[in-house]
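These notes are about the structure you will find just below.
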């Protein structure tokens with residue numbers, strides 16, 4: 070191992086951050102931010118270029134070739150019949166392609182966020198009816214979210 074690597078900012082972090090797959094863009098961005106604070110960023114970039122690194126984050130630069138937009142969604146999920154659905158927006162003749170995997174992830178995140186908001190409002194003393202009104206959801210949904218918390 071070259072001496073400059075002993076001073077690298079990435080040394081104390083999970084190496085997987087620098088080689089995260091395209092479905093984890095936040096990990097890749099976190100790796101780039103760590104690189105930007107690194108005292109040996111120049112040596113890292115030079116080494117990556119000289120050694121022909123073609124994957125991962127090196128010196129805050131993503132050397133992984135981007136997925137083809139025709140075969141993958143913006144988060145790297147492959148477009149297949151099982152992971153794709155088409156929908157038409159009012160006033161738009163052309164249907165738009167939606168990734169089922171991204172939709173599931175977004176729905177899951179929204180449910181978690183909403184459950185947290187229900188818990189927070191209940192802690193503040195709001196009734197189920199007031200919570201439902203404030204969040205524009207049904208009383209039944211409030212009860213389900215409270216039960217799952």
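In this note's numbering, the protein residues as written are 70 to 218. C-beta: ideal position from N, C-alpha, C; glycine also. From a predicted model like this one, the values you see are computed outputs, not experimental measurements.
If you draw a straight line from the C-alpha of residue i to the C-alpha of residue j, how long is it?
{"i": "residue 220", "j": "residue 170", "result": "Coverage of the chain is limited to positions 70 through 218, which leaves residue 220 absent and any answer about it impossible."}
{"i": "residue 166", "j": "residue 108", "result": "44 Å"}
{"i": "residue 197", "j": "residue 155", "result": "36 Å"}
{"i": "residue 218", "j": "residue 122", "result": "46 Å"}
{"i": "residue 84", "j": "residue 119", "result": "21 Å"}
Is the beta carbon of residue i less than 9 Å from the beta carbon of residue j?
{"i": "residue 126", "j": "residue 87", "result": "yes"}
{"i": "residue 105", "j": "residue 129", "result": "yes"}
{"i": "residue 172", "j": "residue 164", "result": "no"}
{"i": "residue 131", "j": "residue 101", "result": "yes"}
{"i": "residue 199", "j": "residue 190", "result": "yes"}
Check the DSSP bridge columns for residue i and list the partner residues they point to.
{"i": "residue 168", "result": "153"}
{"i": "residue 141", "result": "147"}
{"i": "residue 127", "result": "130"}
Apply the 10 Å Cβ neighbour rule to residue i and answer buried if 16 or more other Cβ atoms are within range, or exposed otherwise.
{"i": "residue 181", "result": "exposed"}
{"i": "residue 82", "result": "exposed"}
{"i": "residue 89", "result": "buried"}
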